[in-house]
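For reference, the structure discussed in these notes is given below.
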Amino acid sequence: MVQIAYLGSTTGHDEAEHERRAAISNDLVDATVTHLAPETGPISVESQVETAFAATEICKLVAAHEHEVDAFLVGCFGEPGLEAARELTDKPVVGSASAAFHVAAQLADRVSCVTVLDAVVPLVRERVRACGLHDVVTDVRVVDAPIEEIGHDDSLVDDMVDAGRRAVEEAGAEALVPGCMSLSYMRANEEVAERVGVPVVDPVAAGLETAELLATQGFSSSAVTYQSPNREKIAHLLE
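Quick note: the sequence shown uses the numbering used here, first residue 66, plus one each step.
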């Protein structure tokens, strides 16, 4: 069975929430998913500063576990350290936002991302550009919910539905992508899709299933694109 490491980028979840998310992940794919969390780092990723610190921890996790798994998923929508992690291992490293956007682009011509805060919008747009999908993912909406406060409550689901409906009516969105893993782990995607009337692509499921596919097919990141650094030279950085 394929072994996937879900790379947590923050320290903001307690053990119960960590276990809840791991159980959900393992239910989504026919693979074994191990959730890894950094020992230190940002509580949440809502800025470029937090993204930079999270990227360092992602790289350390990849270096520590690259021989234990078949694929990695960066478990943060801002995908901190994604490209750097691909330089550190010959195992596929998947970005959750990238996977969701590419799936959504196969379902619709115009896609809207519903994320958590205004401060996160530039991070989302950066990942859209990195995917080359700026002509498809043309709209980003905000529900105004700090990441560390997100739980499964009806008011936030209603906010997601409202944002989704406005995206459809005002921007012509034909599919939605939740722009935060915490929104995805609320497991409200099907409800939002039913109430808004357009597909909602789950970045957790899309990311894990992409990682499983790449590992099953035996793919690695291109060694031309992601050239391995001198590991002796950077060993002290990965400790």
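The beta-carbon is built from N, C-alpha and C at its ideal position, and this holds for glycine as well. The structure displayed is predicted, hence computed values, not measured ones.
Under 8 Å between C-beta atoms of residue i and residue j
| i | j | result |
| --- | --- | --- |
| Leu126 | Pro103 | yes |
| Cys178 | Ile212 | no |
| Leu278 | Val263 | no |
| Asp232 | Arg206 | Residue identity check: residue 232 is Ala in the sequence provided, not Asp. Yes, they are a contact pair. |
| Val114 | Ala70 | no |
| Glu180 | Val193 | The residue asked about is misnamed: residue 180 is Thr in this sequence, not Glu. No. Outside cutoff. |
| Val226 | Arg260 | yes |
| Pro243 | Pro268 | yes |
| Ser249 | Cys196 | no |
| Ala236 | Thr203 | yes |
| Leu221 | Val208 | yes |
| Leu101 | His132 | no |
| Val94 | Leu302 | no |
| Val257 | Gly283 | no |
| Ser31 | Gly140 | With the chain covering 66 to 304 only, the question about residue 31 has no answer from this structure. |
| Ala210 | Glu111 | no |
| Glu84 | Gln292 | no |
| Ser285 | Asp155 | yes |
Alpha helix (DSSP H) segment containing residue i, residue limits
| i | result |
| --- | --- |
| Cys196 | 186-196 |
| Phe166 | 161-170 |
| Glu104 | Careful: Glu104 lies outside any alpha helix (DSSP H) and carries neither H nor E. |
| Glu148 | 147-153 |
Those residues which DSSP pairs with residue i across a bridge
| i | result |
| --- | --- |
| Cys178 | Val205, Val242 |
| Leu126 | Beta-bridge pairing links Leu126 to no other residue. |
| Phe137 | Ala70, Val158 |
Residue i: first and last residue of the uninterrupted beta strand (DSSP E) it sits in
| i | result |
| --- | --- |
| Leu303 | Looking at the DSSP string, Leu303 is not in any beta strand (DSSP E), and its letter there is neither H nor E. |
Quick check: the region 73-89 against the region 162-169, are there 3 or more CB pairs under 8 Å? Too few Cβ pairs lie closer than 8 Å, so no.
Quick one: complete alpha helix (DSSP H) runs, 4+ long, within the region 69-100? Contiguous alpha helix (DSSP H) elements confined to the region 69-100 occur at 80-93, taking only those with 4 or more residues.
In chain order, each beta strand (DSSP E) run of at least 3 residues that lies wholly inside the region 201-269: Runs found: 202-207, 240-243.
Does the structure place the region 146-162 close enough to the region 116-123 that three or more beta carbon pairs sit under 8 Å? Inter-segment contact for the region 116-123 and the region 146-162 is present: three or more beta-carbon pairs are separated by less than 8 Å.
Kindly confirm or deny that the region 265-280 and the region 151-167 touch, where touching means at least three C-beta pairs closer than 8 Å. By the Cβ rule, the region 265-280 counts as touching the region 151-167, because three or more pairs are nearer than 8 Å.
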